[in-house]
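What follows is the structure, given as structure tokens:
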């Protein structure tokens, strides 16, 4: 089962976790990314490419399900304005065994960073600044490009 | 912050997740292991070595916090009798960045499988059978033995 | 042939609009040529498209390199490298 | 010197008790020698300790190889390879 959600609503962690667990799998791995309060960041805005975003996330989830024989893959990404401490992204996968769940979860968040059309803008001391991509993100995504 | 809990009570996922998130970190990675319903397993019993178990988990958590500069590490392991679908173990870590959180989470569950004194006994069709360790567990644990 | 252009993040801000309908001449056959042609339409377009290394594109919602051909494209998006997750 | 023995999982079941206080002679200096000596105390002990490759040990709650010395050990645990998580 694949679940993709791109929404400006607060990410409901309990509901998403329950959905991932509902598959009855032995192993569940999750990743949650949140707005950090460091460096004086006030708010964070996330812009995206409606339609293309959901399609990109769907493709990633399908790739993960095929490669690791997952029972489920969930990707929830928030868009719009959010505050420090709020959740930006939730990735949850369930699989019969732990290594599949752990690897697929890392794959999804690494590839999401480079393959899905989201753009972050931070507000620092009243200034709005578009976040620059990090080279380390390309490196993290690239390690999944060879079959394991 | 390190939290270690070995208990015969049901693992309260929502409470544990909230505890991990309370550190205010940018990245949270979790792993949940549950009793599978496959192969006709009725119940699962977990025996442990009181005192030594908690000490072993504490050492693993301290190693992870040092190696990946985590903000928090939580390990909750259930003992006693449990039913298919119930949670056996929860590992949750928080860190400033995602790679630290993902790696530390995988490290903790891999090493827990080989370093902490737990023993599983399954009931299959009325027969109680001690679970044999899997060679793949040693392999998964061994990959963390070289500095990364 | 009319193409629906979409701009995101600072490309959108620099161009001044998030979306516009354009009708490039027949000799504009690639995304790169489309960007060249659009760059002449306003100072905002020119500024947005100045540094090609900072631009990414999608044709009909599929990510493509800038030298990709337009073919029968109905929708072309130009944007900075992505920063989600 | 008295030692508190602990047994877990099928080792416990085979020995018949989870805990016992023993007082080995002075020439028992390693975990392995302790297992040899205990193996002679009952049929259950003998059966539990038959296949050394399936046994693991902890001295004063620290995991050790079977050839580890006992030193001033107060508590020794014998058990199968662990299967948690």
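Residue numbers (my numbering), protein chains in the order written: chain A, 1 to 148; chain B, 1001 to 1148; chain C, 2001 to 2085; chain D, 3001 to 3085. Quick reminder that beta carbons are idealized off the backbone N, C-alpha and C, glycines included.
Practice prompt. Within the same chain, show all residues whose beta-carbon is closer than 8 Å to that of residue 9 (chain A), passing over the 5 residues directly before and after it, in chain order.
Written response: Counting from one through the first chain, the residue named residue 9 (chain A) turns up at place 9. If we look at residue 9 (chain A) and ignore the five residues flanking it on each side, its Cβ neighbours are 78.
Practice prompt. State the Cα-Cα distance for the pair residue 1015 (chain B) and residue 69 (chain A), rounded to the nearest angstrom.
Written response: By 1-based counting over the second chain, the position of residue 1015 (chain B) is 15. By 1-based counting over the first chain, the position of residue 69 (chain A) is 69. Cα to Cα, residue 1015 (chain B) sits roughly 30 Å from residue 69 (chain A).
Discussion item. Can you pull out the residues from the stretch 1026 to 1057 of chain B whose beta carbon lies closer than 7 Å to at least one beta carbon of chain A?
Written reply: 1026, 1027, 1028, 1029, 1030, 1031, 1032, 1033, 1034, 1036, 1037
Discussion item. Taking the beta carbon of residue 83 (chain A) as the centre, do at least 16 other beta carbons fall within 10 Å, making it buried, or is it exposed?
Written reply: Here residue 83 (chain A) refers to the residue found at position 83 of the first chain. Exposed is the call here.
Worksheet item: Going along chain D, which residues have a C-beta under 9 Å from residue 1118 (chain B)?
Response: Indexing the second chain from 1 puts residue 1118 (chain B) at position 118. The contacting residues are 3082, 3083, 3084, 3085.
Worksheet item: Is the stretch 100 to 110 of chain A close to the stretch 2040 to 2057 of chain C, with three or more CB pairs under 8 Å?
Response: no
Worksheet item: Where in the stretch 57 to 84 of chain A do unbroken runs of the beta strand (DSSP E), each at least 3 residues long, occur, reported from the N-terminal end onward?
Response: 72 to 78, 80 to 82
Worksheet item: Mind pulling the chain A residues with CB within less than 7 Å of residue 1141 (chain B)?
Response: The residue given as residue 1141 (chain B) occupies position 141 in the second chain. By Cβ distance, chain A contributes nothing, its closest Cβ being about 12 Å from residue 1141 (chain B), past 7 Å.
Worksheet item: Whole-angstrom Cβ separation of residue 3058 (chain D) and residue 1055 (chain B), contact assumed at under 8 Å?
Response: Residue mapping note: residue 3058 (chain D) aligns to position 58 of the fourth chain, counting from 1. Residue mapping note: residue 1055 (chain B) aligns to position 55 of the second chain, counting from 1. Rounded, the Cβ-Cβ distance is 10 Å, inconsistent with contact.
Discussion item. Any beta carbon from chain C within less than 8 Å of residue 109 (chain A)'s own beta carbon?
Written reply: Looking up residue 109 (chain A) in the first chain gives position 109. Chain C, which has a Cβ nearer than 8 Å to the Cβ of residue 109 (chain A), makes this yes.
Worksheet item: Are the CB atoms of residue 1108 (chain B) and residue 1093 (chain B) nearer to each other than 8 Å?
Response: Numbered from 1 along the second chain, position 108 holds the residue referred to as residue 1108 (chain B). Numbered from 1 along the second chain, position 93 holds the residue referred to as residue 1093 (chain B). Contact: yes.
Worksheet entry | contact_flag[the stretch 1040 to 1051 of chain B, the stretch 3006 to 3023 of chain D] where n(CB pairs < 8 Å) is 3 or more | yes
Item to complete: Tell me whether the beta-carbon of residue 3079 (chain D) lies closer than 8 Å to the beta-carbon of residue 1144 (chain B).
Response: Locating residue 3079 (chain D) in the fourth chain gives position 79, where the first residue counts as 1. Locating residue 1144 (chain B) in the second chain gives position 144, where the first residue counts as 1. No.
Practice prompt. Could you tell me whether the Cβ atoms of residue 1065 (chain B) and residue 1002 (chain B) are closer together than 8 Å?
Written response: Here residue 1065 (chain B) corresponds to residue number 65 of the second chain, with the count starting at 1. Here residue 1002 (chain B) corresponds to residue number 2 of the second chain, with the count starting at 1. Yes, these two residues count as a Cβ contact at 8 Å.
Worksheet item: Hey, is the stretch 11 to 30 of chain A in contact with the stretch 1027 to 1041 of chain B, meaning 3+ C-beta pairs nearer than 8 Å?
Response: yes
Worksheet item: In terms of alpha-carbon separation, which member of B:1042, B:1117, B:1137, B:1096 lies closest to residue 1020 (chain B)?
Response: Numbered from its first residue, the second chain carries residue 1020 (chain B) at position 20. When only C-alpha atoms are compared, the closest one is B:1096.
Practice prompt. Please list, in chain order, all residues of the same chain as residue 3003 (chain D) whose beta carbon is under 8 Å from its beta carbon, the five residues on each side excluded.
Written response: Reading the fourth chain from its first residue, position 3 is the one you call residue 3003 (chain D). 3021, 3022, 3023, 3024, 3034, 3070, 3073, 3074, 3075, 3076, listed in sequence order.
Practice prompt. In angstroms with no decimal places, state the Cα-to-Cα distance between residue 3055 (chain D) and residue 1037 (chain B).
Written response: On the fourth chain, position 55 is the one that residue 3055 (chain D) refers to. On the second chain, position 37 is the one that residue 1037 (chain B) refers to. Cα-Cα distance, rounded: 29 Å.
Worksheet item: Taking a cut of 7 Å between CB atoms, which residues from the stretch 3013 to 3041 of chain D lie near chain B?
Response: none
Worksheet item: Using CA coordinates, which residue listed in A:126, A:114, A:132 is at the minimum distance from residue 140 (chain A)?
Response: Along the first chain, one-based indexing puts residue 140 (chain A) at 140. Among A:126, A:114, A:132, the Cα nearest to that of residue 140 (chain A) is on A:114.
Discussion item. Can you look up residue 3029 (chain D) in the DSSP assignment and give me helix, strand or coil?
Written reply: One-based indexing of the fourth chain puts residue 3029 (chain D) at position 29. Coil, per DSSP.
Fill in: Alpha-carbon spacing of residue 1057 (chain B) relative to residue 44 (chain A), whole angstroms
Locating residue 1057 (chain B) in the second chain gives position 57, where the first residue counts as 1. Locating residue 44 (chain A) in the first chain gives position 44, where the first residue counts as 1. Taking the straight line joining both Cα atoms gives about 37 Å.
Discussion item. Can you look up residue 2016 (chain C) in the DSSP assignment and give me helix, strand or coil?
Written reply: As a position in the third chain, residue 2016 (chain C) is number 16, starting the count at 1. Three-state result, residue 2016 (chain C): coil.
Worksheet item: Residues of chain A with a CB under 9 Å from the CB of residue 1015 (chain B): which are they?
Response: Residue mapping note: residue 1015 (chain B) aligns to position 15 of the second chain, counting from 1. In chain order: nothing, as chain A lies at least about 10 Å away.
Practice prompt. Locate the alpha helix (DSSP H) running through residue 1103 (chain B), then write down its first and last residues.
Written response: On the second chain, residue 1103 (chain B) is found 103 positions in, with the first residue counted as 1. Here the alpha helix (DSSP H) through residue 1103 (chain B) covers 1098 to 1115.
Discussion item. Looking at the secondary structure, which residues open and close the alpha helix (DSSP H) in which residue 1015 (chain B) lies?
Written reply: Taking the first residue of the second chain as position 1, residue 1015 (chain B) is located at position 15. Where residue 1015 (chain B) is concerned, the enclosing alpha helix (DSSP H) stretches over 1013 to 1021.
Discussion item. 8 Å is my cut-off, CB to CB: does residue 145 (chain A) come that close to chain B?
Written reply: Here the question's residue 145 (chain A) lines up with position 145 in the first chain. With 8 Å as the cut-off, residue 145 (chain A) does not count as an interface residue toward chain B.
Practice prompt. Assuming residue 1035 (chain B) and residue 1080 (chain B) form a contact by the criterion Cβ under 8 Å, report the distance between their Cβ atoms to the nearest whole angstrom.
Written response: To locate residue 1035 (chain B), count along the second chain from 1; it is residue 35. To locate residue 1080 (chain B), count along the second chain from 1; it is residue 80. That pair is no contact at about 12 Å.
Fill in: Sequence-distant residues of its chain with Cβ nearer than 8 Å to residue 1137 (chain B) (five each side left out)
In the second chain, counting from the first residue as 1, residue 1137 (chain B) sits at position 137. Contacts found: 1110, 1113, 1114.
Practice prompt. Quick one: using the 10 Å Cβ neighbour count with 16 as the cut-off for buried, is residue 2029 (chain C) buried or exposed?
Written response: The residue you call residue 2029 (chain C) lines up with position 29 of the third chain. Residue 2029 (chain C) comes out exposed.
Fill in: Expected contact under 8 Å - CB spacing of residue 3015 (chain D) and residue 3044 (chain D) to nearest Å
Position 15 of the fourth chain holds residue 3015 (chain D). Position 44 of the fourth chain holds residue 3044 (chain D). Indeed, because the Cβ distance is near 5 Å, the residues count as touching under 8 Å.
Worksheet entry | N- and C-terminal bounds of the alpha helix (DSSP H) containing residue 1051 (chain B) | Locating residue 1051 (chain B) in the second chain gives position 51, where the first residue counts as 1. It is not in any alpha helix (DSSP H) - residue 1051 (chain B) carries neither H nor E in the DSSP assignment.
Fill in: Environment of residue 88 (chain A) [buried if 16+ CB atoms lie within 10 Å]
Your numbering for residue 88 (chain A) matches position 88 in the first chain. Result: buried.
Worksheet item: Since residue 2032 (chain C) and residue 2067 (chain C) are thought to touch, with beta carbons under 8 Å apart, how far apart are those beta carbons, to the nearest angstrom?
Response: Walking along the third chain from the start, residue 2032 (chain C) turns up at place 32. Walking along the third chain from the start, residue 2067 (chain C) turns up at place 67. Their Cβ separation, rounded to whole angstroms, is 5 Å, which keeps residue 2032 (chain C) and residue 2067 (chain C) in contact under 8 Å.
Fill in: Cutoff 7 Å; reference residue 3083 (chain D); Cβ partners in own chain excluding five residues on either side
Indexing the fourth chain from 1 puts residue 3083 (chain D) at position 83. No residues qualify anywhere along the chain.
Worksheet item: Mind checking whether residue 1017 (chain B) and residue 13 (chain A) have CB atoms under 8 Å apart?
Response: On the second chain, position 17 is the one that residue 1017 (chain B) refers to. On the first chain, position 13 is the one that residue 13 (chain A) refers to. Result yes, Cβ atoms of residue 1017 (chain B) and residue 13 (chain A) sit closer than 8 Å.
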